[in-house]
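Numbering (the working numbering), first residue to last: 205 to 614.
This is how it looks when you write it as structure tokens:
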């Protein structure tokens with residue numbers, strides 16, 4: 205065992221030195237990891253303790269130093285992007301698949317191709333989605349974030365894919381108490397919170413890479429996305445709707461403010477309608493759909509506005525007016541289409557009914573077949589010009605749309 209530990213330490217020293225020369229960002233992350241050898245682990249994993257656990261016999265059996273480098277960099281990126289912690293709020297097996305695909309794709313693009321089998325590749329996920337009838341361009345899938353890939357996988361999840369929810373499967377695992385093993389590289393967070401430690405490690409690695417004059421664009425994009433704060437979607441939606449409502453309210457000296465007599469009062473220019481265009485193709489989970497409907501209804505109540513719901517998939521369904529919580533529940537239960545996802549019919553139905561300065565809220569996963577077609581974009585621009593505010597609430601892909609506030613559901 206002593207000889208094996210010594211060999212592992214020698215491998216680590218060589219891998220870190222070469223990686224620091226080639227991709228300083230990755231080399232810096234490698235130096236921050238606490239690495240433990242433990243024969244009780246089947247292969248290798250990153251844990252919520254902020255460390256990497258490696259089976260020494262798995263390591264010894266890897267065919268080359270390139271394969272060993274790939275394994276370490278793979279786990280380093282998991283920790284850097286905080287995947288062991290983010291997986292807690294999601295289906296563990298599916299999130300592990302999505303995170304593995306994105307991390308592997310990143311390493312492949314930077315010349316690290318010696319992934320030990322069975323590696324999760326973009327082509328594998330692409331084929332899995334196609335067999336279930338989900339058409340996503342391969343080039344788009346290669347640029348997708350972990351959240352976007354996870355949402356796509358959730359749409360096609362089966363028992364064979366989902367696996368178990370056990371926290372000790374895959375290479376993203378929960379911290380285990382009294383971990384035995386041999387530490388071959390010190391590092392880690394010490395007494396600091398592990399997630400905060402790695403959240404701080406990524407900006408430090410970013411600075412080190414920039415100082416070395418080497419930070420590839422795709423790495424920068426993933427790093428910036430991981431550092432971006434996640435605002436609760438409900439709060440973001442409320443702010444967007446409130447902004448739209450503010451465009452129909454003006455101050456007036458014809459009457460004083462009810463609260464402060466020395467200030468002008470307000471005057472509402474007509475009563476707006478909130479239009480909810482809800483994707484019912486099956487891509488939005490039932491629980492998420494109910495939360496969205498309840499939130500939009502609450503906003504309509506607060507602003508004293510009627511709420512009209514247009515369900516849609518490949519076509520637009522008859523609209524429903526939501527005037528009570530019971531009505532919302534009935535509407536949510538009926539939002540079950542199952543066709544494709546085409547926005548144009550819903551926009552046409554909306555343009556026939558809406559008035560100027562109404563507020564439009566669209567719920568979808570963002571994977572809309574005709575979203576980039578000129579006819580659909582022309583209709584969308586007409587809606588955006590007529591509306592006081594258009595909010596696109598996405599549970600997956602972040603589309604680029606004119607005059608629209610984009611809100612990501614978490």
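Backbone N, C-alpha and C fix where the C-beta goes; we use that ideal spot for every residue, glycine too.
| Asked | Found |
| --- | --- |
| Based on the DSSP output, what are the partners of residue 482 in its beta bridges? | 515 and 567 |
| The beta strand (DSSP E) spanning residue 526 covers which residue range? | 524–526 |
| Report buried or exposed for residue 335, applying the criterion of at least 16 other Cβ atoms within 10 angstroms of its Cβ. | exposed |
| Does residue 366 come out as helix, strand or coil in the three-state DSSP assignment? | Low confidence applies to residue 366: its pLDDT is 47, below 50, so where it sits in the model is not reliable enough to give any reading. |
| Hey, would you say residue 375 sits closer than 8 Å to residue 279, going by beta carbons? | yes |
| Under 8 Å between the Cβ atoms of residue 253 and residue 379? | yes |
| Does the Cβ of residue 437 have 16 or more other Cβ atoms within 10 Å, making it buried, or fewer, making it exposed? | buried |
| Should residue 582 go down as buried or exposed, given a rule of 16 or more other Cβ atoms within 10 Å for buried? | exposed |
| Of the residues 306, 315 and 523, which one's Cα is nearest the Cα of residue 353? | 306 |
| If you drop the 5 nearest sequence neighbours on each side, which residues of the same chain put their C-beta closer than 7 Å to that of residue 612? | 437, 598 and 602 |
| Is the separation between the beta-carbon of residue 243 and that of residue 220 shorter than 8 Å? | no |
| Three-state secondary structure (DSSP) at residue 595? | strand |
| By the three-class DSSP mapping on this structure, what secondary structure does residue 371 have? | In this prediction, residue 371 has a pLDDT of 49, which is less than 50 and means its spatial position is unreliable; what the coordinates show is noted afterwards. Coil. |
| Over the uninterrupted alpha helix (DSSP H) stretch that includes residue 605, give me the two end residues. | Looking at the DSSP string, residue 605 is not in any alpha helix (DSSP H), and its letter there is neither H nor E. |
| Going along the chain, which residues of its own chain have a beta-carbon closer than 8 Å to the beta-carbon of residue 324, five neighbours each way excluded? | 301, 304, 305 and 308 |
| Measure the alpha-carbon distance for residue 564 versus residue 233 and round it to whole angstroms. | 44 Å |
| If you draw a straight line from the alpha carbon of residue 550 to that of residue 293, how long is it in whole angstroms? | 32 Å |
| Pairing CB atoms from the segment 261–277 with CB atoms from the segment 215–230, are three or more of them under 8 Å? | yes |
| Compare the beta carbon distance of residue 501 and residue 511 with 8 Å and say whether it is the shorter of the two. | yes |
| In this structure, how does DSSP classify residue 439 when only helix, strand and coil are distinguished? | helix |
| Apart from the five residues on each side of it in sequence, which residues of its chain come closer than 6 Å, Cβ to Cβ, to residue 515? | 482, 484, 521 and 539 |
| Please state whether DSSP places residue 318 in a helix, a strand or coil. | coil |
| I need the boundaries of the alpha helix (DSSP H) containing residue 504, first residue and last residue. | 490–506 |
| For residue 326 versus residue 346, is the C-beta distance shorter than 8 Å? | yes |
| Check each candidate in 286, 604, 212 and 343 and name the one with the smallest Cα separation from residue 313. | 343 |
| Please return the same chain residues whose Cβ sits closer than 8 Å to the Cβ of residue 562, not counting the five positions on each side in sequence. | 476, 477, 478, 479, 590, 591 and 592 |
| Could you tell me whether the Cβ atoms of residue 229 and residue 409 are closer together than 8 Å? | yes |
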